[in-house]
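First the structure, in the form of structure tokens, and then the observations on it.
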Amino acid sequence: MDDVNIAVPTGELRAVIGPNGAGKTTLFNTLTHALAPTGGEGYLHGEEITHVPQEQRPHRGLARSFQSNELFNELTVLENVRIVVQTSETGTFSFGLLGDGRSQHVDRASEILESVGLSRKRETTAKNLSHGDQRRLGIAMALATDPSVLLLDEPTSGLGSKETGQITDLIRTVQEDLGLTLMLIEHDMGIVLSISDRITVLNRGRVLATGTPAEVQANQEVQDAYLGGMKEEI
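Heads up, the sequence shown is in UniProt numbering, so the first residue is 1 and it goes up one at a time.
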């Protein structure tokens with residue numbers, strides 16, 4: 001990353017786009033402190049979090065959706081969400097928490113599953129879910145930390161058109177219903193243009209442009225670096 005300065009207002013849905021190698025995932029890794037920054041500062045709701053460790057950031061309100069390879073595949077859908085709810089409350093992760101079936105934890109996990117459309121599959125093991133439902137579960141687990149800011153890294157990658165539409169609708173609904181600030185890495189420009197409030201374009205580790213979908217589509221530098229003939233095709 002090179003002199004990247006991004007400010008996302010509360011409640012905004014901000015897409016981050018750019019060609020492969022532009023620095024999108026590196027940006028998310030830095031925001032979550034999976035990668036420690038070598039310079040600069042980070043703030044969340046006005047509070048500096050530059051050196052806050054990765055495991056503490058969810059407690060500050062910053063969450064990243066769980067990827068398919070981060071699910072607890074042998075646990076049920078409900079158990080996956082419940083263990084995050086309980087870990088969030090206790091600050092300690094342990095599979096032993098599953099033996100502590102406090103009703104408030106089960107109730108909270110059930111509410112989250114209802115909000116993402118997985119309540120009917122609560123007793124299904126994660127490994128037996130479809131690709132799209134695994135993405136739903138990953139989002140549910142992130143919501144279990146009660147975030148104010150949610151990062152989604154290519155949530156529709158590898159999905160068919162039907163599941164892509166369903167996940168897109170879910171993202172929009174969750175963001176609006178919970179009033180979340182949401183940052184989204186997504187390669188599907190149809191999705192980006194339809195749900196984003198603003199878009200930040202990265203290229204070679206630098207911010208190339210930031211603006212509304214219409215402004216980004218009309219930006220010649222963006223056209224040259226990334227979108228090509230997208231404006232005419234959409």
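Backbone N, C-alpha and C define an ideal beta-carbon position, used for all residues, glycine too.
Three or more pairs of CB atoms, one per stretch, sit closer than 8 Å, so the region 75-92 contacts the region 121-140. By the neighbour-count definition (other C-beta atoms within 10 Å, threshold 16), R204 is an exposed residue. When secondary structure is reduced to three states using DSSP, E47 falls in the strand class. Between I191 and T168, the C-beta gap is smaller than 7 Å, which places the two residues in contact. When DSSP reads this structure, M1 sits in no beta bridge, so it has no partner. In the DSSP assignment, V149 is bridged to L62, T181.
Only residues of its own chain outside the window of five on either side were considered, and among them T145 have a CB closer than 6 Å to the CB of S88, listed in chain order. DSSP places R122 in the coil class of the three-state scheme, outside both helix and strand. The C-alpha of E215 lies about 16 Å from the C-alpha of E12. 7 Å or more divides the Cβ of E221 from the Cβ of A15. Cα atoms of N73 and D224: separation of roughly 43 Å, rounded to the nearest angstrom. When C-beta atoms of the region 116-126 are compared with those of the region 52-59, fewer than three pairs fall below 8 Å, so the two segments do not count as touching. The continuous alpha helix (DSSP H) containing L193 extends over residues 189-195.
Per the C-alpha coordinates, the member of S194, L151, L62, I112 positioned closest to K24 is L151. Cβ atoms of G117 and R136 come within 8 Å of each other, at about 6 Å.
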